[in-house]
Amino acid sequence: MNKKLTLALTKGRILKETLPLLARAGIEPLEDVGTSRKLVFETRRSDVQLVIIRGTDVPTYVRHGAADMGVVGKDVLLEHGAEGLYEPLDLGIARCRLMTAGPVGWQGTGARIRVATKFVNITRRYFARQGVHAELIKLYGAMELAPIMNLADLIVDIVDTGNTLRANGMAPLAEIASISSRLVVNKAAMRSRYSTIAQLIDDLTEIVQDSENATA
Ligand code: PRP
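Take the numbering used here: the last position of the sequence shown gets the number 218, and nothing is skipped along the way.
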């Protein structure tokens, strides 16, 4: 088969940390993905191409087989589901935590709490497990603003350094999940292109282990 192996990558911080791992596996884009407006990139491996899209779209491309493999945050997989995907490798990059957070000193109201988040499915499951009745308010960004403007009591968001919370008078409360980027593979491609994909998974597994040993 001559069709190129297609990897779907997530724009932004995950991409910056993914490219060095792929480069060590011989997969380097032929042009600067940071400055180009293109969405499809040829690589030094003539049998592999990259597409660079929003993280939330990566599982969709891979599930439908429009991409054979992808790199995406665990937060996206938890929120939007991972049906139809294999998740063979934790790349150990773009590590952060998905947390509840509230205004510094927040003690709870006793009443029904309002929670602003873009992770509505994760948040619904989390509060249901806690037996807490929460009203969910779906936002698409800047969750930290919601308590300041009294749109919500708490938020559920990604916390990395904690700087965004601190800058907005908030503090982390409870960890819901530990997040990192995952390699995902289309199930049909895993069968039809087994040797190429299995080799790449093996190479990346070794590269991830090496870089984790180097930073340990
Ligand atoms: C994420 C998240 C927080 C911030 C946390 O946003 O939503 O706002 O990073 O990082 P910190 O703890 O180091 O301050 P991101 O910048 O990824 O943009 P987004 O709102 O588009 O997700």
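Even glycine gets a Cβ: it sits at the ideal position worked out from N, Cα and C.
Beta-carbon separation (whole angstroms), residue i vs residue j, contact threshold 8 Å
i	j	result
LYS13	ARG56	6 Å
THR111	ALA69	45 Å between Cβ atoms; not a contact.
GLY94	GLU214	6 Å
ALA191	ILE203	That belief does not hold up - the Cβ atoms of ALA191 and ILE203 are roughly 12 Å apart, past 8 Å.
PRO149	GLY164	Contact flag wrong, Cβ pair sits at about 16 Å.
LYS6	VAL50	6 Å
GLU146	MET172	6 Å
VAL210	LEU91	7 Å
GLU81	ASN123	5 Å
ALA118	VAL60	Contact flag wrong, Cβ pair sits at about 25 Å.
ASP162	PHE121	That belief does not hold up - the Cβ atoms of ASP162 and PHE121 are roughly 15 Å apart, past 8 Å.
ALA103	LEU167	5 Å
LEU17	VAL35	7 Å
ARG116	ALA154	4 Å
GLU19	LEU32	In fact, because the Cβ distance is near 20 Å, the residues do not count as touching under 8 Å.
In DSSP terms, what residue i is bridged to
i	result
ARG99	VAL161, SER180
LEU11	ILE54
LEU91	LEU185
GLY75	SER183
GLY104	ALA173
Near ligand 2: residue i beta-carbon under 7 Å from a heavy atom
i	result
ASN170	This structure simply doesn't include ligand 2; it includes ligand 1 instead.
Q | contact_flag[the segment 181 to 201, the segment 58 to 77] where n(CB pairs < 8 Å) is 3 or more | A | yes
(Q) At 3 residues or longer, what runs of the beta strand (DSSP E) sit wholly inside the segment 112 to 148? (A) 115 to 119, 136 to 140
**Q.** Around ligand 1, Cβ to any heavy atom closer than 6 Å, ordered along the chain
**A.** GLY143, ASP159, ILE160, VAL161, ASP162, THR163, GLY164, ASN165, THR166
**Q.** Every unbroken alpha helix (DSSP H) inside the segment 25 to 73 [4 residues or more]
**A.** 60 to 65
Q. Would you say the segment 96 to 111 touches the segment 22 to 36, given that touching needs at least three Cβ pairs under 8 Å?
A. In short, these stretches do not touch, since the Cβ pair count stays below three.
Q: Taking only runs that begin and end inside the segment 146 to 177, name each unbroken beta strand (DSSP E) of 3 or more residues, in chain order.
A: 156 to 161
Q: Counting only runs of 3+ residues fully inside the segment 175 to 214, write out the beta strand (DSSP E) ranges in chain order.
A: 183 to 188
Q.
Taking contact to mean 3 or more Cβ pairs, one atom from each stretch, closer than 8 Å, check whether the segment 126 to 139 and the segment 147 to 162 are in contact.
A. yes
Q. So does the segment 79 to 95 actually touch the segment 60 to 67, counting three or more Cβ pairs closer than 8 Å?
A. yes
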